[in-house]
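Below: one structure, written as structure tokens.
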Amino acid sequence: MRKREAKTMVFPMVILRLAEWLLYKLLLIHKWHNAATASYSNKTQSSPSSFKSSSNHSSTHPSLAKFNSSESQEKSFVCEVEATLLRTKSVFPFFMLVAFEGGSVLRALLLLLSSPFLWFLNHEAKLRVMIFVTFCGLKVKDAEMVGRAVLPKFYLENMNGHVYEVLASCGRKVVFTSAPRVMVDYFVREYLSVDDVKGTELQVIGGWFSGLLVSGSGLLVKHRALKHVFGDEKPHIGVGTSRFHDHLFLSLCQEAYMVNSREDGNKMNSPSSSVMPREKYPKPLVFHDGRLAFLPTPLATLAMFIWLPFGIPLSIFRMCFGHFLPYGAAMLFASLTGIQIRLIGSDPPRSQNGKGVLYVCTHRTLLDPVFLSTVLKKPLTAVTYSLSRVSELIAPIRTVRLTRDKAKDARTMQRLLSRGDLVVCPEGTTCREPYLLRFSALFAELADEIVPVAVNTSVDMFYGTTAGGLKCLDPFFFLMNPRPCYTVHVLEKVPKELTCAAGRSSIEVANHIQKQLAEALGFEPTSLTRRDKYLILAGNEGIVQNH
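Numbering-wise (our numbering), the sequence shown opens with residue 264 and increments by one.
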């Protein structure tokens, strides 16, 4: 009986879908016919040249370039995330980020293997497949972590600057997305100050996603969601694309504008480029997490999976020669395997005070002291905070663990300096972006021989740092990159008149060195701390378990 009932329900649903589709087409044809008639009557009164130029525009809505923001502060704004607020039209890379960073390598591989079949599906079926593969069996908290710590970086890099300018100039802001709302909610609220987000809602069972949509809701339909939010009122400004299904959505707005891909092209050097430069980000991107350092399009993801069988043993090999080879041979083998090491400056002469030199480094990866020891060709001791036991065991240089007891840590560092040279990273944690975190001032109280070292890195496939993952794998991920680069800039020794020995406070000395290193790197100094980073990215204070 249930099967018969199901079959009897399917036929009416198909009829309703066909009727809805036919009505939608007829409304668009009627609208275009009226617009074409009005346009023709205007063109017959103009010159032939103007008729020719006007016929090139297929859209009945003006380009976004014609928007005037002078009186838009009290107006409401609506747009879609995909292909409008974001320049890219494909949502596959963002699903892949959720699958890889929130799920696993196997889930990401399964999504990649499904990508060829997506070409033969319509928009709705394609989204349903990607949602199921990406979210089925995924923890809600893991998906929320990706939306908070990973996706904002890639959204900002792909944001349409022209659309954002219009959005920022308006009062009430509402965005729609056919992707799961959990993917975009944090970004648009925290970075763009959007008032309301409407997206596809997913079914949750006991804190896990089932991979299915909430019963009865289906994928988000923009014009329906707009009516649900605004009721009988019409939003003042709507922005969309020339895609077929955007016309009905824009027809419900008082003013409608089109994102013209030709005028708002993606050329970085074009004056009209819609690419948003970092200095115009609505909120500075200081912290982000995740392992992938590239936008995982299908081809880029395929290249990553092809590289993995070579990259994993290469990473282990690179780690081994750092352990067992002399400094000169290690530098040679590093360059032969693709690691680029650049040394700027030289080790300044030390005074005859019987103590070691304190090297104060910026912190980019756990390998900072290792590369400094290699380029200076001398053994160094590194003090660490909350480092995993595995990382301590595989470190090719001596590491000493610090505690949270300031007096105890000071005695430990004094003892180490009396025996030799010491490396300290006063930021307390790594930062990927061109910012320096606040320097802890403890080091300034302990040494007069201070050498600032500006360290920077670049990677092409994987980040060698993490806030929410296994930190013991950080060195392996960095060394897994095809051509990672380490730049070590050894600055001049800090003059004694600028140290605590001359009566300056430790905070003053630390701030001075932070500013000096920021200038050398072209970075921006901040007052953010290790605690701020882990609270934002991982929801904890960054205490690493001994694994």
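Where a beta carbon is used, it is the ideal one built from N, C-alpha and C, also for glycine.
Since the model is a prediction, treat every value here as computed from it, not as a measurement.
Should the segment 447-462 be regarded as contacting the segment 358-367, the criterion being three or more beta carbon pairs within less than 8 Å? no
May I ask you to verify whether the segment 744-764 touches the segment 674-689, counting CB pairs closer than 8 Å and requiring at least 3? no
Residue burial classification, H324 (beta-carbon count within 10 angstroms, cutoff 16): buried
Coil, strand or helix - T504 by DSSP: coil
Name the DSSP beta bridge partners of L349, please? M422
For V413, which of F450, P738, P576 has the nearest alpha-carbon? F450
What residue from A710, C694, L742 has the CA that sits closest to D723's CA? L742
Range of the contiguous alpha helix (DSSP H) that encloses K796: 793-800
Quick one: complete beta strand (DSSP E) runs, 3+ long, within the segment 418-467? 436-443, 459-463
Buried versus exposed, by CB contacts within 10 Å (16 or more), V409: buried
Proximity winner among E337, S335, P356, K338, relative to E345 (alpha-carbon distances): P356
I'd like to know if the segment 706-719 and the segment 628-640 are in contact, where contact means that at least 3 CB-CB pairs between them fall below 8 Å. yes
Contact check, F340 vs P498, beta carbons under 8 Å: yes
If I follow the unbroken beta strand (DSSP E) through G469, where does it start and stop? First-last for G469: undefined, no H or E at that position.
Specify, as a first and last residue, the run of the alpha helix (DSSP H) that P561 falls within. 561-587
Helix, strand or coil, according to DSSP, for Q603 in the structure here? strand
Return the residue from the list G469, K485, T463 that minimises the CA-CA distance to L478. The sequence shown places Ser at residue 478, not Leu. The candidate whose alpha carbon is nearest that of S478 is T463.
Tell me whether L483 counts as near the ligand SAH, meaning its Cβ is closer than 7 Å to at least one heavy atom of that ligand. For the ligand SAH, the structure offers nothing, since it holds no ligand at all.
For a quick check, are the C-beta atoms of L621 and L700 less than 8 Å apart? no
Could you check the C-alpha separation between L286 and L511 for me, to the nearest Å? Caution is warranted here: a pLDDT of 49 is assigned to L286, below 50, making its placement in the model unreliable, and no coordinate value can be reported.
What is the residue span of the alpha helix (DSSP H) that M408 lies within? 403-412
Under the three-state reduction of DSSP, which class applies to P788: helix, strand or coil? strand
Below 8 Å on the Cβ atoms is my guess for C342 versus G574; work out the distance and round it to an integer in Å. Not really, about 40 Å apart at Cβ, beyond 8 Å.
Taking 8 Å as the threshold (C-beta atoms), are G434 and Q517 in contact? no
Report the three-state DSSP secondary structure of N803 (helix, strand or coil). coil
Suppose contacts are defined by Cβ-Cβ distances below 8 Å. Is K416 in contact with L548 by that definition? yes
Give the list of continuous beta strand (DSSP E) stretches no shorter than 3 residues that lie fully inside the segment 619-663. 621-624, 644-648
Quick one: Cα of L401 to Cα of L562, how far? 24 Å
Using a threshold of 8 Å, state whether the C-beta atoms of Y648 and F786 are closer than that. no
According to DSSP, is V722 helix, strand or coil? coil
Cβ shell of F739 (< 6 Å), same chain only, five flanking positions each side left out: S578
Taking 8 Å as the threshold (C-beta atoms), are I602 and R581 in contact? yes
Just the C-alpha distance for Q466 and V445, rounded to the nearest angstrom, thanks. 12 Å
Grab the span of the beta strand (DSSP E) containing H752 for me, first residue to last. 748-753
Which residue comes first and which comes last in the alpha helix (DSSP H) that contains A488? 485-493
Given 8 Å as the limit, is there contact between the segment 553-560 and the segment 347-356, that is, 3 or more CB pairs closer than that? yes
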